[in-house]
Structure formats: structure tokens, C-alpha cells
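Taken in sequence, the protein lines are chains A and B.
To convert a position in the first sequence, counted from 1, into our numbering, add 6.
To convert a position in the second sequence, counted from 1, into our numbering, add 1.
Glycine residues also receive a C-beta, built at the ideal position from the N, C-alpha and C atoms.
Just so we're clear, the structure is a prediction, and the values are computed from it rather than from any experiment.
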Amino acid sequence: MVQTAHFPHPPGVLRAEHLAIGYRLGRRGEKRLYDQLSFALHPGELTCLLGPNGAGKSTLLRTIGGTQASLDGALFLEDRELKKFREKERARRIGLVLTDRTMAGGLPVRELVALGRQPHTGFFGRLGREDLRIVEEAIAAVGLEEKSEVYVAELSDGERQKAMIARAIAQECPVLLLDEPTAFLDVVSRIEILNLLHRLATEHGKTILLSTHDLEQALLLSDRLWLLSRERGLECGVVEDLVFSGALGRLFSRNGITFDAGSGSFRPEFPVGKTIAVQAEGTLLFWAKNALMRNGYLPAEEAPLRLEVKAPDQFCVTNGSTPLFQAASFEEFIRRLKSIPDSR
Amino acid sequence: MKPYTLWILTGLILLLLGASLFFGSVTIPIRAVLAILTGQETGQETWEFIVLHSRLPQAVTALFAGAALAVAGLMLQTLFNNPLAGPSILGIDAGAGLGVALIMLLFGGTVGNVAAGLSLSGSFAVITGAFLGAAGILGIILFFSTLVRSTVMLLIIGILVGYITASLISLLHFISDPEGVFSYTMWGMGDFSGVSLNRLPLLCGLLGIGLGIALLLMKPLNALLLGERYAENLGVNVRRVRIGLLVSTGILTAVTTAFCGPVSFIGLAVPHIARLLTGSSNHTLLLPATLLCGAAIALLCNLITVLPGASGLLPLNAITPLIGAPVIIYVIINQKKIQYFN
Chain A
7 MVQTAHFPHP PGVLRAEHLA IGYRLGRRGE KRLYDQLSFA LHPGELTCLL GPNGAGKSTL
67 LRTIGGTQAS LDGALFLEDR ELKKFREKER ARRIGLVLTD RTMAGGLPVR ELVALGRQPH
127 TGFFGRLGRE DLRIVEEAIA AVGLEEKSEV YVAELSDGER QKAMIARAIA QECPVLLLDE
187 PTAFLDVVSR IEILNLLHRL ATEHGKTILL STHDLEQALL LSDRLWLLSR ERGLECGVVE
247 DLVFSGALGR LFSRNGITFD AGSGSFRPEF PVGKTIAVQA EGTLLFWAKN ALMRNGYLPA
307 EEAPLRLEVK APDQFCVTNG STPLFQAASF EEFIRRLKSI PDSR
Chain B
2 MKPYTLWILT GLILLLLGAS LFFGSVTIPI RAVLAILTGQ ETGQETWEFI VLHSRLPQAV
62 TALFAGAALA VAGLMLQTLF NNPLAGPSIL GIDAGAGLGV ALIMLLFGGT VGNVAAGLSL
122 SGSFAVITGA FLGAAGILGI ILFFSTLVRS TVMLLIIGIL VGYITASLIS LLHFISDPEG
182 VFSYTMWGMG DFSGVSLNRL PLLCGLLGIG LGIALLLMKP LNALLLGERY AENLGVNVRR
242 VRIGLLVSTG ILTAVTTAFC GPVSFIGLAV PHIARLLTGS SNHTLLLPAT LLCGAAIALL
302 CNLITVLPGA SGLLPLNAIT PLIGAPVIIY VIINQKKIQY FN
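Structure representation (C-alpha cells):
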């Protein structure tokens with residue numbers, strides 16, 4: 007076995023040993039959410055933290071980011087305990103994007119992003135030429151060049167989030183932690199932001215951890231997943247491994263949500279009554295199954311009820327050898343399907 | 002960034018400072034004032050006394066007190082993340098008032114030089130009382146700020162603490178002698194004229210220290226615009242900065258209140274005027290702008306108090322709300338259009 011402890015870790019490696027997170031409640035003791043967490047974050051990788059509401063995702067992020075004290079165990083950054091870093095040293099290594107409300111509406115975008123330079127500037131925060139260059143680069147990285155003179159208050163939610171990310175980029179930390187950076191955003195901004203973070207990880211070698219409810223995007227773009235739930239604790243792994251180990255399927259099982267490994271998506275558990283055999287190709291098969299499951303039919307290999315879809319306007323349903331009906335659209339097919347008398 | 006606003010404000014202050022020396026309740030010819038200021042003989046000793054021992058210290062007091070209150074208001078607004086915070090709303094100058102009341106009312110006319118006039122303000126005991134009172138209320142508000150996350154709730158607590166302080170002062174009135182009550186009431190009307198030329202260096206020195214601390218905190222104040230967690234992530238030692246801000250606010254509010262009485266609205270309204278003028282929340286510009294604006298507006302208010310001429314002075318606290326309250330109403334009505342609210 008290789009003794010990794012003798013080799014210095016590359017910058018940006020963050021790991022936890024037997025970490026306990028939660029809240030101190032003053033004299034009444036503490037509320038432990040998780041105990042004995044051990045994990046590592048790696049440079050050049052985008053990790054997504056998934057879990058139901060109330061699982062403690064924000065607490066975990068804040069503890070790793072150092073803004074909330076851990077209850078036990080230790081966090082290490084570049085082989086040095088995180089607690090031993092001075093404020094300014096830590097500020098140059100771990101950047102945060104939180105969901106906290108800010109009062110920065112009266113700052114133009116450029117000045118907001120320039121706040122990210124604070125750990126690098128002197129006592130009065132005067133920006134040097136190098137600082138200004140980095141600020142412009144960060145603004146360009148999130149695509150807000152056109153808006154750099156605009157007040158933060160006048161930005162859309164998506165642009166505001168991008169400005170906050172630009173601020174974190176300007177902070178030049180090897181580690182970047184983001185708490186639900188895509189919450190409240192429309193689809194376009196969500197995809198843009200996750201794409202941007204993925205690029206930061208792969209092209210600039212940043213270590214990125216973000217919590218999100220955007221499951222589909224997370225499955226597409228993240229290198230690793232962290233699944234956090236009160237029942238099973240923290241499960242870490244490469245996306246595909248977690249799919250096949252069934253861990254993704256269990257994540258929301260308590261809430262009646264299942265993971266469909268065939269399509270890579272989560273969906274509610276539909277009450278399944280009847281089975282039906284489907285004959286179709288590719289995309290048509292996928293959407294036919296989608297329509298069937300939503301309406302209480304479970305697609306199966308063999309069943310007396312059979313559906314054949316040749317084209318989006320050619321549906322043919324048979325029961326054994328008797329033809330039941332034909333349909334020319336999904337709408338007509340579903341209406342007719344519902345009118346089949348319940349055989350049981 | 003509009004740094005030229007700072008130059009315009011400085012010019013305005015010099016203009017107002019000049020006007021405060023030339024105009025007052027006693028009419029003195031402009032040429033005579035110029036002569037007195039340049040050290041020439043005018044043959045009128047009363048004029049000399051009025052210009053050098055009354056108008057000059059009064060103008061300088063207004064300048065420093067206005068700057069101090071405005072900067073204290075700005076720091077509180079950023080610290081509490083609420084643009085409607087201010088020394089009076091949070092009950093801090095009520096606390097200073099309680100300290101002063103304790104000294105004045107309990108010891109009656111025996112402290113300071115009440116007997117000689119109404120210029121009890123500025124005596125060492127009164128300053129100490131005001132400072133302890135202000136610091137006590139600040140401490141209480143700070144304690145509540147750890148329990149209550151919502152800043153609106155915190156402001157309401159500040160107002161309530163202010164009420165409690167006010168009723169304590171009323172109770173003190175009940176048990177103290179009439180002279181004490183009278184000098185307290187006069188003190189409560191606010192006045193820039195109570196500081197003598199001898200005491201002026203003390204006032205300026207103490208406020209200079211408070212303002213100096215504030216200027217040193219410009220960088221962390223900017224980080225605090227993002228909230229405490231972000232500030233911490235930017236390497237700010239939030240605990241230390243918060244103590245620095247409270248010490249500075251405490252000195253500025255307490256010293257001003259001790260010397261000039263509780264002057265209302267300057268701390269609340271001037272930071273808004275400065276934000277609207279500069280169009281920025283960036284403290285490297287906003288803090289100096291607020292400082293200058295506060296000085297200018299206090300000088301202006303001071304000039305207005307002498308308008309009645311020979312028939313006497315208007316109370317300062319009758320003027321400041323007339324200027325301050327409309328600004329706050331304007332800001333609240335237009336908050337959707339004003340960037341720093343969003």
C-alpha cells in the first residue's frame with residue numbers, strides 16, 4: 007500500500023476525517039446532523055451535492071467553507087488543518103457562493119466582483135493593475151462584460167448569480183464551494199452556470215463542490231456525486247458507479263421518488279396497475295413508455311395487451327389477437343387507452 | 002465613481018463655515034468680521050468675543066458633530082444590513098441621554114457649571130455619563146442581534162429599548178430637583194453653541210479618533226455589504242471589525258450627544274443623501290462623502306437656527322427633522338428605483 011501521507015497533496019485538495027457537523031446550542035449541548043464523515047475533493051473535478059431539503063447540505067458546505075464550526079473531527083487543506091489557516095490565508099484558498107441576501111444592490115457589477123480581491127489587497131483595499139486585470143477576466147468568464155457598469159440591483163436573478171460567481175473567481179481560490187447556485191433560475195441560466203462551473207473545473211483545474219436540486223444537469227456534468235440523506239448519511243462516488251450501485255435510486259425513496267436508470271432521470275413512483283408490451287424504436291419508445299407510466303401502465307416484455315408505435319401518428323393497440331383501437335396522436339392514444347374497461 | 006463630489010462638498014463646507022462666521026443673532030458688519038479674523042483691531046471687544054468665542058467654536062462644533070453623527074449612521078446601516086438604522090432609531094442616543102440624565106438629575110445643579118448658565122454640556126462627568134449610556138444600549142442591541150436574525154425585528158427592539166430609556170428618564174425627573182430637570186430639557190433640544198473655545202480641542206480630538214477608526218474600517222465595511230458570512234470568507238475578522246465599528250459608533254454618538262444634546266435625523270438621513278449624491282455603496286467613496294455631507298448639513302442647520310436674528314436661537318432639533326424626515330420619506334417611497342435597497 008502506498009503511503010500517501012508522505013507526498014504533499016496538490017493545491018486544492020480538501021479532505022475531511024471523522025468530521026461531525028451540526029449546530030451548537032449553547033448550554034443545551036449540540037445538534038449533530040452527521041458524524042464520522044470522511045471525504046475528499048479533488049482538483050479539476052466538479053462535485054455535486056444532492057439530497058432532499060433539510061438533509062443538511064448547506065450546513066455541510068458552510069462547515070467545509072469554514073464559516074460554521076465543525077463539532078468534531080478535522081478538515082485538511084493541502085495537508086494542513088483548516089483551523090490553522092489565518093483568515094486571510096483561508097480566504098485565498100476557499101471561495102464561497104451562498105444563498106445569503108446581500109446589500110450590494112448599490113454597487114456596479116465591476117465593484118462587486120472587485121470585492122473578491124479583498125484577500126489579496128492591502129489595508130485600504132486599493133486595487134492594483136493586476137487586480138483590475140483579474141476582475142475584468144472574471145467578469146468576462148461569466149459573460150457579463152456588457153453589464154460591468156450596471157448596478158447589481160438592475161440585474162436579473164441569473165445575472166446576479168453570475169456576478170457572485172465572478173466575485174468568487176476573482177478571489178482566485180483553488181477551491182470553490184457553491185450553495186444552490188442555480189436555485190430560482192430559468193433553464194437557460196441553470197445550464198449556463200453549470201456549464202461555466204464545469205469549465206472552471208476542467209480547464210482551470212479548480213476544485214468545485216456545489217449543492218443543487220438540478221438533478222438532470224448534475225448527472226450530465228458532475229464528475230462525482232455526493233448523496234446526502236438522513237437515512238444513509240453521505241455517499242460519494244463517480245456518477246455512473248452510483249447509478250449502478252442503486253444509491254441514486256435510494257436517495258429520494260422515502261419521498262416516493264424513484265430513479266429511472268434507463269433514462270437517467272428521477273420520477274414519481276406511479277401507481278402501477280396493468281402491464282403492457284410495447285413495440286417501438288428509440289425516441290418513440292422512450293416517450294411511449296413515458297406516456298404509459300404516467301397513466302398507470304407498466305411497460306413489460308410480455309403481456310396480453312400490446313402497443314405498436316410505428317410513427318408519432320401511428321398507434322395500434324391489440325389485446326391478444328383482437329385489435330382494440332388505432333390512434334393518430336398521443337392525445338388520442340391516451341384518451342382511448344383510458345377508456346379500455348378494466349379487465350381485472 | 003464620482004470623486005469630484007467630494008471636492009464640491011468640501012467647497013460647500015468652506016462656504017457654509019464662512020457664512021456661519023459672518024451671520025448670527027448679532028449683526029456685525031462683514032468688514033469687521035474680516036478684520037477680526039485677520040487679527041486687526043476693530044475697537045469693538047464684544048464683536049471680537051462673539052466672532053472668536055461664540056461663532057467660531059459653534060461652527061467648528063457643528064462641522065465635527067455633523068460629520069460624526071452621519072458617519073455613525075452609515076456604519077450602523079451597513080453593520081445591521083438595514084438602510085433605516087441610525088443612532089436615534091436604535092436608541093443609542095436615548096442611552097446617552099439616560100447617562101446624562103443620571104448625572105444631571107441625580108446630582109442636580111452641583112455637577113459642572115449649571116449655576117453659571119446652561120452650558121453644563123461638555124463637563125467631564127456628562128461626557129462619561131453619555132458614553133456609558135450609549136455603550137450600554139449598543140451592547141444591549143448587539144446582544145439582541147445575536148438572538149434575533151431579522152433586522153426589522155432588531156430595529157423594533159431598538160425602538161422599544163429607546164422607550165424604556167425614555168421612561169427611566171421620566172422617572173428620574175420625578176425624583177430630581179427643578180434645576181436639574183430644566184438643564185436636562187435644555188440639553189435635550191440640541192445645541193451646537195454649548196462648547197467653549199477651551200473645550201473645543203477635546204471635542205475635536207475625541208471625534209477625530211472616532212472618525213479615524215471609521216476611515217480605517219472602509220475595506221471591511223465594503224465586505225459587510227455582502228453579509229457576515231461572505232465578509233468572513235473574504236478574510237474579514239467579523240468579530241473584531243464589529244467591535245471596532247461599535248467602539249467607533251459609540252465614541253461618535255456619545256461624544257456628540259454629550260456636548261450637543263441628542264441631535265436627531267442627521268445620522269439617519271445623511272448617509273442616504275450621500276448615497277444618492279455619489280450613486281455608490283462603495284465605502285471608499287461613500288464614507289468620506291457621508292462625512293462631508295454630515296458636516297455641511299449640520300452647518301446649514303446651525304445657520305438656520307440664527308435666522309430669527311436678535312430675538313433668539315431656534316432649537317436645533319426643530320430644524321434637523323425638517324431636513325431629515327423628507328429625505329427618508331423620499332427614499333422609502335422610491336425604494337424600488339433606488340439601487341442600494343435592492
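Rounded C-beta distance between residue 276 of chain A and residue 302 of chain A? I'm assuming under 8 Å.
The residue labelled residue 276 of chain A in the question sits at position 270 within the first sequence. The residue labelled residue 302 of chain A in the question sits at position 296 within the first sequence. Going by Cβ atoms, the distance from residue 276 of chain A to residue 302 of chain A rounds to 6 Å, so yes, they are a contact pair.
Output the distance between the C-alpha atoms of residue 217 of chain B and residue 210 of chain B, rounded to the nearest integer angstrom.
Start at 1 with the first residue of the second sequence, and residue 217 of chain B comes out as number 216. Start at 1 with the first residue of the second sequence, and residue 210 of chain B comes out as number 209. Rounded to whole angstroms, residue 217 of chain B to residue 210 of chain B spans 11 Å at the Cα level.
Look up residue 328 of chain A in the DSSP assignment and say whether it is helix, strand or coil.
Mapped onto the first sequence, residue 328 of chain A falls at position 322. Residue 328 of chain A falls in the strand class under three-state DSSP.
Mind checking whether residue 110 of chain A and residue 226 of chain B have CB atoms under 8 Å apart?
For the purposes of this step, residue 110 of chain A is taken as residue 104 along the first sequence, with counting starting at 1. For the purposes of this step, residue 226 of chain B is taken as residue 225 along the second sequence, with counting starting at 1. When the beta-carbon positions are compared, residue 110 of chain A and residue 226 of chain B come within less than 8 Å of each other.
Note the first and the last residue of the continuous alpha helix (DSSP H) segment covering residue 274 of chain B.
Taking the second sequence and counting its residues from 1, the one referred to as residue 274 of chain B is at position 273. Residues 267–279.
With distances taken between CB atoms, is the gap from residue 294 of chain B to residue 66 of chain B smaller than 8 Å?
Translated into positions along the second sequence, residue 294 of chain B becomes position 293. Translated into positions along the second sequence, residue 66 of chain B becomes position 65. No. Outside cutoff.
Collapsed DSSP secondary structure at residue 108 of chain A in the structure displayed:
Mapped onto the first sequence, residue 108 of chain A falls at position 102. If DSSP states are grouped into helix, strand and coil, residue 108 of chain A belongs with coil.
Please check if any C-beta of chain A sits within less than 8 Å of the C-beta of residue 147 of chain B.
Here residue 147 of chain B refers to the residue found at position 146 of the second sequence. Not an interface residue.
Assuming residue 279 of chain B and residue 292 of chain B make a contact with CB atoms under 8 Å, what is their CB distance in whole Å?
Position 278 of the second sequence, counting from 1, holds the residue named residue 279 of chain B. Position 291 of the second sequence, counting from 1, holds the residue named residue 292 of chain B. The pair is not a contact, with the Cβ atoms about 12 Å apart (cut-off 8 Å).
Buried or exposed, going by whether 16 or more other CB atoms sit within 10 Å of the CB of residue 284 of chain B?
Here residue 284 of chain B is taken as the residue at index 283 of the second sequence, counted from 1. Result: buried.
Within-8 Å CB hit, residue 112 of chain B to chain A
Here residue 112 of chain B refers to the residue found at position 111 when the second sequence is read from its first residue. Confidence at residue 112 of chain B is low in this model, with a pLDDT of 46, below 50, so its placement is unreliable and no value can be given for it.
Just tell me which of A:209, A:210, A:235 has its CA closest to the CA of residue 217 of chain A.
On the first sequence, position 211 is the one that residue 217 of chain A refers to. The residue with the shortest Cα to Cα distance from residue 217 of chain A is A:235.
Going by C-alpha distance, which of A:252, A:346, A:327, A:232 is nearest residue 58 of chain A?
Within the first sequence, the letter at position 52 stands for residue 58 of chain A. That would be A:232, whose Cα lies nearest to the Cα of residue 58 of chain A.
Looking at residue 34 of chain B: is its Cβ nearer than 8 Å to the Cβ of residue 22 of chain B?
To locate residue 34 of chain B, count along the second sequence from 1; it is residue 33. To locate residue 22 of chain B, count along the second sequence from 1; it is residue 21. Yes, the pair counts as a contact, with Cβ atoms nearer than the cut-off.
On the DSSP bridge assignment, give the partners of residue 55 of chain A in chain order.
As a first step, residue 55 of chain A must be located in the first sequence, where it is residue number 49. Within the DSSP bridge table, the entry for residue 55 of chain A names A:217, A:232 as partners.
Can you name the residues of chain B whose CB is closer than 8 Å to the CB of residue 108 of chain A?
By 1-based counting over the first sequence, the position of residue 108 of chain A is 102. Those within 8 Å of residue 108 of chain A in chain B are 226, 227, 228, 231.
Which residues in chain B have a C-beta closer than 7 Å to the C-beta of residue 406 of chain A? List them in chain order.
Residue 406 of chain A lies beyond the range of chain A shown here (7 to 350); nothing can be said about it.
Under the three-state DSSP convention, the category residue 5 of chain A falls into:
A question about residue 5 of chain A goes unanswered here, because the residues of chain A that appear run from 7 up to 350.
Identify every residue that forms a DSSP beta bridge with residue 1 of chain B.
In the structure as shown, chain B starts at 2 and stops at 343, and residue 1 of chain B therefore has no counterpart that could be examined.
From what residue to what residue does the alpha helix (DSSP H) around residue 29 of chain B run?
Your numbering for residue 29 of chain B matches position 28 in the second sequence. Taken as a continuous stretch (DSSP letters only), residue 29 of chain B belongs to no alpha helix (DSSP H), as it is neither H nor E.
Mapping DSSP to helix, strand and coil, what is residue 100 of chain A?
Residue numbering aside, residue 100 of chain A sits at position 94 when the first sequence is read from its first letter. DSSP places residue 100 of chain A in strand when its eight states are reduced to three.
Residue 240 of chain B CB to nearest chain A CB: under 8 Å?
To locate residue 240 of chain B, count along the second sequence from 1; it is residue 239. Not one chain A Cβ lies under 8 Å of residue 240 of chain B.
So residue 5 of chain B contacts chain A; which residues on that side make the cut at Cβ distance below 7 Å?
Taking the second sequence and counting its residues from 1, one reaches residue 5 of chain B at position 4. Ordered by position in chain A, no residue passes the 7 Å Cβ test against residue 5 of chain B, which lies about 17 Å from the chain.
For residue 183 of chain A and residue 100 of chain A, which I take to be in contact (beta-carbon distance under 8 Å), what is that distance rounded to the nearest angstrom?
The residue given as residue 183 of chain A occupies position 177 in the first sequence. The residue given as residue 100 of chain A occupies position 94 in the first sequence. The Cβ separation is near 7 Å, so the contact holds.
I need the DSSP call for residue 333 of chain A, collapsed to helix, strand or coil.
Working through the first sequence from its first residue, we reach residue 333 of chain A at position 327. In this structure, residue 333 of chain A counts as strand in the three-state DSSP scheme.
Which of the three DSSP states, helix, strand or coil, is assigned to residue 137 of chain A?
Along the first sequence, one-based indexing puts residue 137 of chain A at 131. DSSP, read as helix, strand or coil, puts residue 137 of chain A in helix.
Which residues of the stretch 194–223 of chain B have a Cβ closer than 7 Å to any Cβ of chain A? Give them in chain order.
Going along the stretch 194–223 of chain B in chain order, one finds 219, 220, 223 with a Cβ nearer than 7 Å to chain A.
Closer than 8 Å by beta-carbon distance: list the chain A residues that pair up with residue 341 of chain B, in chain order.
The residue given as residue 341 of chain B occupies position 340 in the second sequence. For a Cβ distance threshold of 8 Å, residue set 109, 111, 112, 159 of chain A lies close to residue 341 of chain B, ordered along the chain.
Residue 104 of chain A: contacting residues in chain B (beta-carbon distance under 7 Å):
Looking up residue 104 of chain A in the first sequence gives position 98. Result: 230, 231.
Is it buried or exposed for residue 271 of chain A, if we count other Cβ within 10 angstroms and need 16 for buried?
Mapped onto the first sequence, residue 271 of chain A falls at position 265. Residue 271 of chain A should be labelled exposed.
In chain order, which continuous runs of the alpha helix (DSSP H) of length 4 or greater are located wholly inside the stretch 279–312 of chain A?
Runs found: 288–300.
Could you check how far apart the C-beta atoms of residue 119 of chain A and residue 159 of chain A are, in whole angstroms? I think they sit under 8 Å.
In the first sequence, residue 119 of chain A corresponds to position 113, counting from 1. In the first sequence, residue 159 of chain A corresponds to position 153, counting from 1. The C-beta distance from residue 119 of chain A to residue 159 of chain A rounds to 15 Å, too long to meet the 8 Å contact threshold.
Report the rounded CA-to-CA distance for residue 132 of chain B versus residue 270 of chain B, giving the unit in angstroms.
Position 131 of the second sequence, counted from the first residue, corresponds to residue 132 of chain B. Position 269 of the second sequence, counted from the first residue, corresponds to residue 270 of chain B. Those two C-alpha atoms are separated by around 23 Å.
By how many angstroms is the C-alpha of residue 224 of chain A removed from the C-alpha of residue 12 of chain B?
One-based indexing of the second sequence puts residue 12 of chain B at position 11. One-based indexing of the first sequence puts residue 224 of chain A at position 218. Straight-line Cα distance between these residues: approximately 58 Å.
Taking Cβ positions, are residue 175 of chain A and residue 207 of chain A nearer each other than 8 Å?
What you label residue 175 of chain A is simply residue 169 of the first sequence in a count that begins at 1. What you label residue 207 of chain A is simply residue 201 of the first sequence in a count that begins at 1. Going by C-beta atoms, residue 175 of chain A is not nearer than 8 Å to residue 207 of chain A.
With a cut-off of 8 Å, does the C-beta of residue 282 of chain B fall near any C-beta of chain A?
Start at 1 with the first residue of the second sequence, and residue 282 of chain B comes out as number 281. It does: the Cβ of residue 282 of chain B has a partner Cβ on chain A nearer than 8 Å.
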